[in-house]
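Residue numbers (the working numbering): 69 to 294.
Just so you know, even glycine gets a beta-carbon here, dropped at the ideal spot from N, CA and C.
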Ligand code: CA
């Protein structure tokens, strides 16, 4: 991800830069509100902007307000030194998506950043349909005709990935990248396990074949639901 960090505390700014760079992110650093505002408005696009609330020059809330006034939808994570309700409300009122109170652990920061990026990248939730097979990813519900089908979160993710591309071959690696949070280093063949259990739930009991194997590649959802 491309991340803008606006933080005036030298040691925190440096450790954020190092830590996030080590995670493979591209980090740009601004050490005061003026530079932060300039980069936020003209240096992007960024995937996420980290704003300290208290800065020399315009503070994090002011920067965020300007971004939102210009209809910039970039996810903003506000960093606040004080844990008063007031600060939190200031940040969120300004249009920040989330906030983190200092001191915070790097693990928590990383998790929040991933969640923000995922939310931003997620398309509008829609109900997916292939014939009489219906999947509502938001409500996490699946049914075949009148029959409700219980799916695990992972099965649901794999099925959604295929149903979003009806009739098209989807590589196991692409399914892995889309559905797994940390796909790096995982054998894409793990996807076979979930496809197999999906077939036992959505196809076999109904005598249908909706998830077709594309040899040497991956899988394809029959647009008519099999
Ligand atoms: Ca500060």
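Worksheet item: Does the pairing of the region 245-253 with the region 206-216 give three or more beta-carbon distances under 8 Å?
Response: Because the criterion of three Cβ pairs below 8 Å is not met, the region 245-253 and the region 206-216 do not touch.
Worksheet item: Is residue 122 near ligand 1, judged by its Cβ being under 7 Å from some heavy atom?
Response: For the purposes of this step, residue 122 is taken as the residue at position 54 of the chain shown. Ligand 1 approaches residue 122 closely enough that one of its heavy atoms is under 7 Å from the residue's Cβ.
Fill in: Through-space distance from residue 128 to residue 72, alpha-carbon basis
Counting from one through the chain shown, the residue named residue 72 turns up at place 4. Counting from one through the chain shown, the residue named residue 128 turns up at place 60. Between residue 72 and residue 128, the alpha-carbon positions lie close to 12 Å from each other.
Worksheet item: Sorry if obvious, but does the Cβ on residue 149 come closer than 7 Å to a heavy atom of ligand 1?
Response: Within the chain shown, the letter at position 81 stands for residue 149. Yes, since a heavy atom of ligand 1 falls inside the 7 Å radius drawn around the Cβ of residue 149.
Item to complete: Measure the beta-carbon distance from residue 131 to residue 101 and round it to whole angstroms, keeping in mind my assumption that it falls under 8 Å.
Response: Locating residue 131 in the chain shown gives position 63, where the first residue counts as 1. Locating residue 101 in the chain shown gives position 33, where the first residue counts as 1. With a Cβ gap of about 6 Å, residue 131 and residue 101 count as contacting.
Worksheet item: Since residue 142 contacts residue 169 with CB under 8 Å, what's their CB separation in whole angstroms?
Response: By one-based count along the chain shown, residue 142 stands at place 74. By one-based count along the chain shown, residue 169 stands at place 101. Not a contact, Cβ separation roughly 22 Å.
Practice prompt. Ignore the nearest five residues each way along the sequence and tell me which others in residue 239's own chain have a CB closer than 7 Å to its CB.
Written response: Taking the first residue of the chain shown as position 1, residue 239 is located at position 171. The beta carbon of residue 239 sits closer than 7 Å to the beta carbons of 285 and 286 from its chain, once the five residues preceding and following it are set aside; these are given in chain order.
Worksheet entry | Cβ-based neighbour list, residue 271, same chain, cut-off 8 Å, excluding 5 preceding and 5 following | As a working mapping, residue 271 is identified with position 203 in the chain shown. If we look at residue 271 and ignore the five residues flanking it on each side, its Cβ neighbours are 277, 278, 279 and 294.
Practice prompt. Count the other CB atoms, across all protein chains shown, that sit within 10 Å of the CB of residue 218; report buried if there are 16 or more and exposed otherwise.
Written response: Taking the first residue of the chain shown as position 1, residue 218 is located at position 150. The C-beta of residue 218 has fewer than 16 other C-beta atoms within 10 Å across all chains shown, which makes the residue exposed.
Item to complete: Kindly provide the ranges of any alpha helix (DSSP H) runs that are 4 or more residues long and lie completely inside the region 95-140, ordered along the chain.
Response: Listed in chain order, they are 101-110 and 128-137.
Discussion item. Measuring alpha carbon to alpha carbon, tell me which residue in 85, 227 and 146 is nearest residue 196.
Written reply: Residue 196 sits at position 128 when you count from the first residue of the chain shown. Ranking the options by Cα distance to residue 196, first place goes to 227.
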